[in-house]
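Scroll down for the structure; my scribbles are underneath it.
In my numbering, the protein residues as written are 3 to 147.
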């Protein structure tokens with residue numbers, strides 16, 4: 003398959019979990035045209051798929067999957083869990099702990115730190131890929147509440 007020629011999305015703005023898996027496992031596929039496709043994918047319907055892909059060291063789009071997980075968690079916390087319910091985030095964190103993948107574990111640790119201290123949210127880090135490109139554990143200071 004030629005680079006960028008992935009045609010498996012019936013509706014790229016609303017892909018199914020299987021379409022996301024097929025796209026992410028194709029080493030030659032690129033993101034569909036359109037701005038901020040990553041932001042539209044951080045949904046409750048797809049988050050389990052992103053976690054699965056982020057924990058797979060053979061997935062060509064692993065970094066992208068981690069990026070979407072950071073967007074999801076950041077949106078949940080910065081909206082005080084109005085966009086994504088706290089119970090759903092907690093269940094996702096439990097699944098992440100079971101993955102035993104260092105990058106997923108780092109995402110989970112950073113998400114827990116953000117939940118404890120929401121002012122750790124920085125748009126560049128959580129939504130523009132900063133924590134994926136520069137993986138590191140966030141160290142929250144004393145709570146300022």
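The beta-carbon is built from N, C-alpha and C at its ideal position, and this holds for glycine as well.
_Residue range of the unbroken alpha helix (DSSP H) whose run includes residue 69_ = As a position in the chain shown, residue 69 is number 67, starting the count at 1. Residue 69 -> alpha helix (DSSP H) spans 64 to 80.
*Nearest-angstrom Cα separation, counted from residue 46 out to residue 103*: The residue given as residue 103 occupies position 101 in the chain shown. The residue given as residue 46 occupies position 44 in the chain shown. Approximately 21 Å between the Cα atoms of the pair.
*asked:* Our contact map puts residue 52 next to residue 67 with C-beta atoms below 8 Å; I'd like the distance itself, whole angstroms only.
replied: Counted from its first residue, the chain shown places residue 52 at position 50. Counted from its first residue, the chain shown places residue 67 at position 65. Going by Cβ atoms, the distance from residue 52 to residue 67 rounds to 5 Å, so yes, they are a contact pair.
*Best match in 140, 124, 105 for proximity to residue 54 [C-alpha to C-alpha]*: As a working mapping, residue 54 is identified with position 52 in the chain shown. The shortest Cα separation from residue 54 among 140, 124, 105 belongs to 105.
_For the alpha helix (DSSP H) containing residue 19, name the first residue and the last one._
Within the chain shown, the letter at position 17 stands for residue 19. Taken as a continuous stretch (DSSP letters only), the alpha helix (DSSP H) holding residue 19 covers 19 to 27.
*Got a sec? Which residues, its chain only, sit under 7 Å from residue 115 by beta carbon, not counting five neighbours each side?*
Counting from 1 along the chain shown, the entry for residue 115 is found at position 113. The residues are 122, 140, 142.
*Quick one: what's got a C-beta closer than 6 Å to residue 62's C-beta in the same chain, skipping five residues either side?*
Locating residue 62 in the chain shown gives position 60, where the first residue counts as 1. These residues qualify, in order along the chain: 29.
*asked:* At 4 residues or longer, what runs of the alpha helix (DSSP H) sit wholly inside the region 84 to 117?
replied: 88 to 101
*asked:* Assuming residue 2 is part of the alpha helix (DSSP H), what are its boundary residues?
replied: Nothing about residue 2 can be read from this structure; the chain reaches only from 3 to 147.
*asked:* On a Cα-Cα basis, can you pick out the residue from 124, 27, 24 that is closest to residue 80?
replied: For the purposes of this step, residue 80 is taken as residue 78 along the chain shown, with counting starting at 1. When the alpha-carbon of residue 80 is set against those of 124, 27, 24, the nearest one is in 124.
_Three-state secondary structure (DSSP) of residue 16_ = Translated into the one-based positions of the chain shown, residue 16 becomes position 14. Correct three-state label for residue 16: coil.
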